[in-house]
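Scroll down for the structure; my scribbles are underneath it.
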Amino acid sequence: MNQNKIDDDGNLQQQQQQNDQPASDTSTPSHSTSISRTQSSSSTSFIAASNANCQRSLSLVDSIEFKFEGNICKNAIAIGDCDNDGKNELVIGTLNGELLIYKNDRKNPQASTKDLGMIACILIGDILNFGKNCLITISIEGYLKIFHMYNDSHVDLINQSNDSAIRRQPKFSNSSLQLSNMKLPPTISDNEVYSSTTNLNLIHSQQMQSNTMCALLVDFDHDDNQELIVALSDRVVRCYRAVHLNEEIKLIGLYKWEFSDQIGSITLHHLFDSSNNNDDPDLLVEDNKSDNSLSTNDKKSAICKNQICILGKVALITGSSSGIGAAIASKFAEYGADCVITGRNSENLNQIARKIMKHTDREPLMIVGDLQTDPELPKRLINETIEKFGRLDILINNAGTGIANDTFDNPELIDEFDKMFTLNVRVPLCLCRLAVEHLEKTQGNIINISSNASAEPILFTYSMSKAALDMLTKGAAQDLGPKGIRVNSINPGPTITSMGRCLGKDSDHFEKSKDKFAKLTILDRIPYPDEMANLAAFLASNDAVNITGSIIVSDGGMLVKKRQYFAK
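In this note's numbering, the protein residues as written are 2 to 569.
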């Protein structure tokens, strides 16, 4: 009969033993062995299942007892090659905050560290997408830590980070993220204590959402990069990817799903959808109450996976304290971009920043200022963006203004004209010129937020300013195209924003006339700012790589009906 045995290196081997039974036929199919694990608060054993002579059996072939103190969560134990030496290690994390790493059949840990919080999950894999494994811990308090482990007989990944064979570059098929100058960051110095028996280095630490239940490290979207998928106790599942900006690691949010029941476990399956030839991986989420499994493709239980990729890009959005600008900043952050938000109202900007950080774990750069009155602010916006993020990929010229009495016989018309053209035309031109050298490096793009009023004299000076902005869009697209910079314009009609409520009429009049405005469109509706943000995200992504110099009208068909916005 065949018996499995664990050798001195902790690897399973099969041995043929003599007994009273006749030898098996040499044509018998080869035996297969799989390992499962059982666990308790104080010991761990290996169990092997063998398939011998087509007869399935489960038998205990060897047992190694590992002693440790404290309890462990069910997902705080992992087996994998932590130190990239070709052999697996057993890693255990306790609720006391202790991390223990056992190698081969040694009963004492080869490496350990303390004060990691109540460890909820342990993962082993190539989370940095450099071709080498790291050790990841996530605590119940929401602290994620990434360790690199190597021993004296193994070459240090950090010291070999310039070796192209080791530094396998991630493949961002839908992003223009430049990764040619990446370097693995040095070890983080902190107060944690490490065992002297090996080198266990903390290379990244990040605060995430608390109450992690379980986690996966998988290539979720078939792009040859590992993503971290985390399930939380608040019925939310989030997907993250590690990106490298300015030689620093940062985990940014890619996708988010919300479920109606408490999450029990998550697994990844590849299910082929014959209706659209889609074999993308499907994340299956099992609840705690029953055997029901919910898919992320289940419309009743999950938010659809985002297909627009602006991951790792840096976007500067003017006029982002409210309305369309605020919606664009939130949407871009949700899709993986770092945002610079600016506006006159510091309280509103703080609210937008808090909203972005709450939903995406991304902290925007906030700059308070008035572009209409401060001629130095455009230069400051560009300089502080480069100083903070080291790059600029997307410029959104959204800041604009209108006047209530925008008619030819307005006695203040000339003064109002100068103010309006300063903010609606001159400031976008200045920002475009200042941003060109940085956008050329990233092959970035510019999006001007104009208006469908540019095509009709609906409001006297406002229509003139937006028509001028459209000409800026077309002229800049022509001149900047050879540099690899795309320039486009989004021209909305009346939108449910604070700007739309006051443009030409006071807010009360706008609210009373909202239904009348909707009747002026073919679709009989007024859009929300998020709809403009979705369009901006598409234009900013590589999905719109062939679109430049375009004036894209999004007004529900209002211009087609050729009617005025406002009831006389």
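By construction, the Cβ of each residue, glycine as well, lies at the ideal position given by its N, Cα and C atoms.
Small disclaimer: the values here were computed from a predicted structure and weren't measured.
DSSP bridge partner residues for residue i (one or two, in chain order)
i, result
"residue 103", "91"
"residue 395", "316, 446"
"residue 201", "150"
"residue 256", "240"
"residue 1", "Not covered by the structure: residue 1. The range shown for the chain is 2 to 569."
"residue 339", "315"
"residue 432", "According to DSSP, residue 432 bridges with nothing at all."
"residue 493", "555"
"residue 218", "229"
"residue 344", "369"
"residue 466", "For residue 466, which the question treats as bridged, DSSP gives no partner whatsoever."
"residue 488", "447"
"residue 498", "BP columns for residue 498 are empty, so no partner."
"residue 251", "244"
"residue 404", "BP columns for residue 404 are empty, so no partner."
"residue 213", "233"
"residue 322", "DSSP output for residue 322 lists no bridge partner at all."
"residue 140", "120"
"residue 206", "146"
Assigned exposure category for residue i - 16 Cβ within 10 Å defines buried
i, result
"residue 523", "exposed"
"residue 525", "exposed"
"residue 66", "exposed"
"residue 375", "exposed"
"residue 406", "exposed"
"residue 593", "In the structure as shown, the chain starts at 2 and stops at 569, and residue 593 therefore has no counterpart that could be examined."
"residue 137", "buried"
"residue 113", "buried"
"residue 72", "exposed"
Pairwise C-alpha distance: residue j and residue i
i, j, result
"residue 110", "residue 74", "19 angstroms"
"residue 552", "residue 474", "8 angstroms"
"residue 260", "residue 240", "14 angstroms"
"residue 81", "residue 104", "10 angstroms"
"residue 428", "residue 439", "18 angstroms"
"residue 471", "residue 490", "7 angstroms"
"residue 557", "residue 529", "12 angstroms"
"residue 150", "residue 359", "32 angstroms"
"residue 89", "residue 83", "7 angstroms"
"residue 134", "residue 86", "10 angstroms"
"residue 527", "residue 370", "30 angstroms"
"residue 213", "residue 230", "11 angstroms"
"residue 418", "residue 403", "10 angstroms"
"residue 237", "residue 517", "40 angstroms"
"residue 210", "residue 387", "29 angstroms"
"residue 413", "residue 361", "45 angstroms"
"residue 546", "residue 483", "14 angstroms"
"residue 339", "residue 61", "53 angstroms"
"residue 310", "residue 383", "23 angstroms"
"residue 562", "residue 550", "25 angstroms"
"residue 94", "residue 139", "10 angstroms"
"residue 1", "residue 128", "Outside the modelled stretch of the chain, which goes from 2 to 569, sits residue 1, for which no answer is possible."
"residue 372", "residue 242", "35 angstroms"
"residue 461", "residue 494", "16 angstroms"
"residue 356", "residue 130", "30 angstroms"
"residue 256", "residue 411", "51 angstroms"
"residue 327", "residue 536", "14 angstroms"
"residue 442", "residue 519", "43 angstroms"
Integer Cβ distance of residue i from residue j, believed to fall under 8 angstroms
i, j, result
"residue 118", "residue 147", "Actually they are not in contact, since the Cβ atoms of residue 118 and residue 147 sit about 15 angstroms apart, beyond 8 angstroms."
"residue 534", "residue 329", "5 angstroms"
"residue 466", "residue 409", "Not really, about 15 angstroms apart at Cβ, beyond 8 angstroms."
"residue 399", "residue 455", "The pair is not a contact, with the Cβ atoms about 15 angstroms apart (cut-off 8 angstroms)."
"residue 378", "residue 457", "About 32 angstroms; that fails the 8 angstroms criterion."
"residue 322", "residue 349", "4 angstroms"
"residue 1", "residue 333", "What is shown of the chain runs 2 to 569, which leaves residue 1 out entirely."
"residue 437", "residue 486", "7 angstroms"
"residue 433", "residue 396", "7 angstroms"
"residue 415", "residue 541", "That pair is no contact at about 37 angstroms."
"residue 325", "residue 497", "Wrong, their Cβ atoms sit about 10 angstroms apart, outside the cutoff."
"residue 401", "residue 424", "6 angstroms"
Residue i beta carbon near the ligand FAD (any heavy atom closer than 8 angstroms)
i, result
"residue 346", "Looking for the ligand FAD in the displayed structure turns up nothing, as the structure carries no ligands at all."
Cβ of residue i within 9 angstroms of any chain B Cβ
i, result
"residue 383", "Among the chains of the structure shown, chain B does not appear; only one protein chain is present."
(message) Count Cβ pairs between the region 234-253 and the region 205-212 that sit closer than 8 angstroms; are there 3 or more?
(response) yes
(request) Check whether the region 385-398 touches the region 310-318, taking contact to mean three or more Cβ pairs, one atom from each stretch, closer than 8 angstroms. (result) yes
(message) Quick check: the region 93-102 against the region 117-135, are at least 3 beta-carbon pairs closer than 8 angstroms?
(response) yes
(message) Would the region 216-233 count as touching the region 119-137 if we require 3 or more Cβ pairs under 8 angstroms?
(response) yes
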